[in-house]
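Asker:
Numbering (the numbering used here), first residue to last: 1403 to 1583.
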């Protein structure tokens, strides 16, 4: 009888562990609710500057609920960005170029489709090409309202050596009306 009770107890414990749900849906909900700006630990200046960007985006677009996201390495950056899990990534100029072209730190992972949203001195904010023009327009307009962030700003059309500018960013810089999509 004791052996049977022990078996039941073991099966019950296994059932509890096996039936527990993963937090994956929580991650998806979090990413859907917040505008995440990814940086990477090994590209040191990106994280503090991403926090500054988030401060200004949340001031102008509180509904975006921007948050920083910090990848542990370049492989994780490429993985999350190339699979559209992160809408924005902030990298130093050379790393941004390397991500798009699959060179340097990203050589073994391949090239990644990305557009330039804006440049800040040596830092480049890349955006998913699939993001609607409206979203890029709203982001750039929010950032334009902060002169302290933009004092060293570089228009995306002047960063063609890095990558193609997002059409919504160009629309915002040209003073065009906010697009419908």
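Beta carbons are placed, not taken as given, at the ideal position from N, Cα and C, and that holds for glycine.
I need the boundaries of the alpha helix (DSSP H) containing residue 1463, first residue and last residue.
Answerer: Per DSSP, residue 1463 belongs to no alpha helix (DSSP H) and is neither H nor E.
Asker: Look up residue 1470 in the DSSP assignment and say whether it is helix, strand or coil.
Answerer: Residue 1470: strand per DSSP, three-state reduction.
Asker: State the Cα-Cα distance for the pair residue 1565 and residue 1461, rounded to the nearest angstrom.
Answerer: Using only the alpha carbons, I get a separation of about 28 Å.
Asker: I'd like to confirm the pairing. Which residues does DSSP put opposite residue 1439 in its beta bridges?
Answerer: In the DSSP output, where bridge partners are listed per residue, residue 1439 has 1470 and 1490.
Asker: Let me make sure I understand the geometry here. Which of 1574, 1441 and 1573 has the alpha-carbon closest to that of residue 1483?
Answerer: Of the listed residues, the one whose Cα sits closest to residue 1483 is 1441.
Asker: Taking residue 1470 as the reference, give the member of 1452, 1458 and 1464 with the closest Cα.
Answerer: Taking only the C-alpha atoms, the option nearest residue 1470 is 1452.
Asker: Excluding the 5 residues flanking residue 1518 on each side, which residues of the same chain have their C-beta closer than 8 Å to its C-beta?
Answerer: The residues are 1498, 1526, 1527, 1528, 1529, 1558, 1561, 1564, 1565, 1566, 1567, 1568 and 1571.
Asker: Have a look at the DSSP bridge pairing and note the partners of residue 1520.
Answerer: In DSSP, residue 1520 forms a bridge with 1527.
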